[in-house]
Amino acid sequence: MSNYRRSQNQAHPNKTNALMTGILVLLILFVSIQIWFLFGALNNALRENFNFALTTFIGSSILAVASFWLLRYLPDPIDSPDNEL
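See below:
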């Protein structure tokens with residue numbers, strides 16, 4: 002991970018922006034799927050379909066773990082000389 006982080010910090014800002022955009026799109030997709038799972042689980046829980054609710058809970062948990070793992074790869078902020086005090 003340290004080699005990845007060092008090379009990521011030395012990358013051109015356009016590559017960093019593309020990486021960050023891709024990660025953010027994936028995170029938005031994961032959260033959208035989790036909301037869809039929540040909606041389906043609540044509707045099926047009202048119909049006493051426990052198996053579907055359990056399956057969506059497991060799927061949502063896997064997506065949450067994947068989202069937290071993906072957050073590790075967000076690039077560090079770019080320090081510019083104008084921002085220093």
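Residue numbering for the sequence shown follows the numbering used here, starting at 2 and increasing by one per position.
Where a beta carbon is used, it is the ideal one built from N, C-alpha and C, also for glycine.
Straight-line CA distance for residue i to residue j?
i, j, result
"S68", "F58", "15 angstroms"
"F53", "F40", "12 angstroms"
"A44", "I36", "Contrary to the premise, residue 44 reads as Asn rather than Ala in this sequence. In a straight line, the C-alpha of N44 is about 12 angstroms away from that of I36."
"K16", "L30", "21 angstroms"
"R73", "L64", "15 angstroms"
"R48", "T22", "39 angstroms"
Using the Cβ count rule (16 or more neighbours within 10 Å means buried), how would you classify residue i?
i, result
"F51", "exposed"
"A42", "buried"
Between residue i and residue j, how many whole angstroms is the CB-CB distance? I'm expecting something under 8 angstroms.
i, j, result
"L27", "L71", "6 angstroms"
"I24", "L75", "6 angstroms"
Under a three-way DSSP split, which group does residue i fall into?
i, result
"L75", "coil"
"N44", "helix"
"N50", "coil"
Please report whether the beta-carbon of residue i lies at a distance below 8 angstroms from any beta-carbon of chain B.
i, result
"F31", "No chain B is part of this structure, which consists of one protein chain only."
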